[in-house]
Amino acid sequence: MRSPDTVVAVAVGKGRGVTTGEEGFDRRIEPFRTELLAYCYRMLGSAHDAEDLVQDTYLRAWRAREQYDDTRSSLRTWLYRIATNVCLTALQVRGRRPLPSGLVAASDPLGPLVQGERAAWLQPLPDSLLDAGDPAETVIDRSSLRLAFAAALQHLSARQRGALILRDVLGFSASEAAEILGTTVVSVNSSLQRARTRVKEVGVRQEGIGEPSAAEQRAWVERYMKAFELADVEGLKRLLTEDVVMEMPPMINWFSGRGNYGLFMEWVFGAAGKNWLLKEVTANGGQPGFAAYRCVGDGYELHTLQIFTVTAEGISRNSVFQDSEVFAAFGLAAGLDAQGLADVGGRV
1 MRSPDTVVAV AVGKGRGVTT GEEGFDRRIE PFRTELLAYC YRMLGSAHDA
51 EDLVQDTYLR AWRAREQYDD TRSSLRTWLY RIATNVCLTA LQVRGRRPLP
101 SGLVAASDPL GPLVQGERAA WLQPLPDSLL DAGDPAETVI DRSSLRLAFA
151 AALQHLSARQ RGALILRDVL GFSASEAAEI LGTTVVSVNS SLQRARTRVK
201 EVGVRQEGIG EPSAAEQRAW VERYMKAFEL ADVEGLKRLL TEDVVMEMPP
251 MINWFSGRGN YGLFMEWVFG AAGKNWLLKE VTANGGQPGF AAYRCVGDGY
301 ELHTLQIFTV TAEGISRNSV FQDSEVFAAF GLAAGLDAQG LADVGGRV
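Mapping of the sequence shown onto the UniProt record's numbering: residues 1 to 348, in sequence order.
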């Protein structure tokens, strides 16, 4: 026999096995799924957690559908209140997800790689999850999903994070944000002010301003990919800004500067070889990147996922991930054959 949760999941996810009225409710809330996913990702910093929490939000909404009163709040506000409660509860036990550059001092690029003790790091968000929604129904400020902004949010308390996202990213009024957070307008304004101050202290510029077009960003990264495939360290360095940053969770190592970057890449090609296959990806609302597969025997083994921040002057950050959960979120094959096709064994 199916559990109650399973029955509800079927109803919410597929619209089957429910009455006409219930199907109507399902159709009304479904268009908000993608923007709620983006919201939960900003709050938690994990694509995996965001998907789970959105599902939890929809289960709760479906169970409470008879309690919704459209004379008191819009359906969107009501759903955001449920999602916020789910996120705040999750944050009580899951904590923040930093990147190494927000946690420890810079490293020697030729020093030993050190895996951090933290189990949870900030993760990239596959753009495929955002593209799954109906673009006619869902409008998302994708620039607010950039990794740098997501990392800055990790420096805020849970309620400060909620206030900043609801007010400055999603455009809810102070009274709407107070309703969603279950608090007062005064409290929301206080949290928002502290959050804005902290984000400025972290030094994150407003994303999207002065940012090259998506085509220009991809062109920078395509040139980087060609240099990478040739193991051309000098070619890579010419594409970087002077103060470029590289970090690589779960390792706590990170460093800045074009020279340090070059030293590290020389070590990479010396240690892991110069024969690579690269597969393009996009993440966090348009940030270009690639999955890097290194040659092992007669095929290629998934090594890292690299997401780039690109400015008009060049590549300013490379966030390198080596995490099976991240690989799975992007649907990356664990191995490729000599022709670049997925090996038998499926996906990670």
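Glycine included, C-beta positions come from ideal geometry on N, C-alpha and C.
Quick one: residues in its chain with C-beta nearer than 6 Å to the C-beta of residue i, no 5 flanking neighbours on either side, listed in chain order?
i	result
A178	T184, V185, V188
Q160	S191, R194, A195
G208	Bear in mind that a pLDDT of 48 at G208, under 50, signals an unreliable position, so the number given afterwards is only what the model happens to contain. Excluding residues within five positions, the ones whose Cβ falls inside 6 Å are S143.
A227	G235, L236
V233	G262, M265, E266
G335	G299, E301, D343
G340	L277
A176	What sits at residue 176 in the sequence shown is Glu, not Ala. The residues are T77.
I252	P100, V104, V114, G116
Give the DSSP-derived three-state secondary structure of residue i in the structure shown.
i	result
W121	coil
Q160	helix
P126	strand
D26	helix
T241	strand
A342	strand
L336	strand
Q115	strand
V233	helix
S101	helix
E227	The sequence shown places Ala at residue 227, not Glu. Correct three-state label for A227: helix.
R146	coil
L170	coil
Q154	coil
A219	helix
residue 355	The requested residue 355 is not part of the displayed model; the chain covers only 1 to 348.
I165	helix
Report all residues from its chain with a CB closer than 7 Å to the CB of residue i; omit the five preceding and five following residues, and keep chain order.
i	result
A90	L44, D49, L53
A283	P124, L125, P126, D127, G289, I307
S73	E179
residue 353	This structure gives no information on residue 353, because the portion of the chain shown stretches from 1 to 348.
S101	V245, E247, W254
R65	F25
A38	L130, I140, L145
L36	V54, T57, L79, A83
E313	T241
R218	P288
Going straight from the alpha carbon of residue i to that of residue j, what length do you get?
i	j	result
D141	T34	12 Å
M248	I315	16 Å
A338	L59	45 Å
R258	G95	33 Å
T71	L147	38 Å
E280	F330	11 Å
C87	S157	12 Å
V244	N318	8 Å
N260	C295	25 Å
I82	T57	6 Å
A272	R28	51 Å
G111	G270	15 Å
A215	H155	31 Å
I324	L99	In the sequence as displayed, the identity of residue 324 is Ser instead of Ile. For S324 and L99, the distance between alpha carbons rounds to 17 Å.
Q92	Q67	27 Å
S46	Q55	14 Å
D69	A150	33 Å
A291	S213	22 Å
D108	E211	30 Å
If contacts are defined as beta-carbon pairs under 8 Å, then residue i and residue j qualify, I think. What distance do you get, rounded to the angstrom?
i	j	result
T304	Q322	5 Å
L239	W220	6 Å
W276	Y293	6 Å
F327	A106	Their Cβ separation, rounded to whole angstroms, is 27 Å, which puts F327 and A106 out of contact at 8 Å.
W78	R97	Going by Cβ atoms, the distance from W78 to R97 rounds to 28 Å, so no, they are not a contact pair.
V202	A152	5 Å
L170	G285	Not a contact, Cβ separation roughly 14 Å.
K274	A231	4 Å
L164	F172	At roughly 11 Å, the Cβ-Cβ gap does not stay under 8 Å, so L164 and F172 are not in contact.
Y41	L145	7 Å
T84	G162	6 Å
Under the criterion of a Cβ to heavy atom distance below 7 Å, does residue i qualify as lining the ligand GTP?
i	result
S324	Looking at this structure, you won't find the ligand GTP or any other ligand, since it has none at all.
Which residues in the same chain have their Cβ closer than 8 Å to the Cβ of residue i, if we skip the five residues on either side of it in sequence?
i	result
Q206	With a pLDDT of only 47 at Q206, under the threshold of 50, the placement of this residue in the model should not be trusted; the figure read from the coordinates follows. Once the five neighbours on either side are set aside, Q206 has no close Cβ partner at all.
Taking the runs of the alpha helix (DSSP H) that are 4 residues or longer, which of them lie wholly in the region 244-331? 258-272, 324-329
Which runs of the alpha helix (DSSP H) at least 4 residues long sit entirely within the region 173-214? Give them in chain order. 174-181, 185-202
Within the UniProt domain "RNA polymerase sigma-70 region 2" (31-96), ranges of the alpha helix (DSSP H) (whole runs, at least 4 residues): 33-44, 47-63, 75-94
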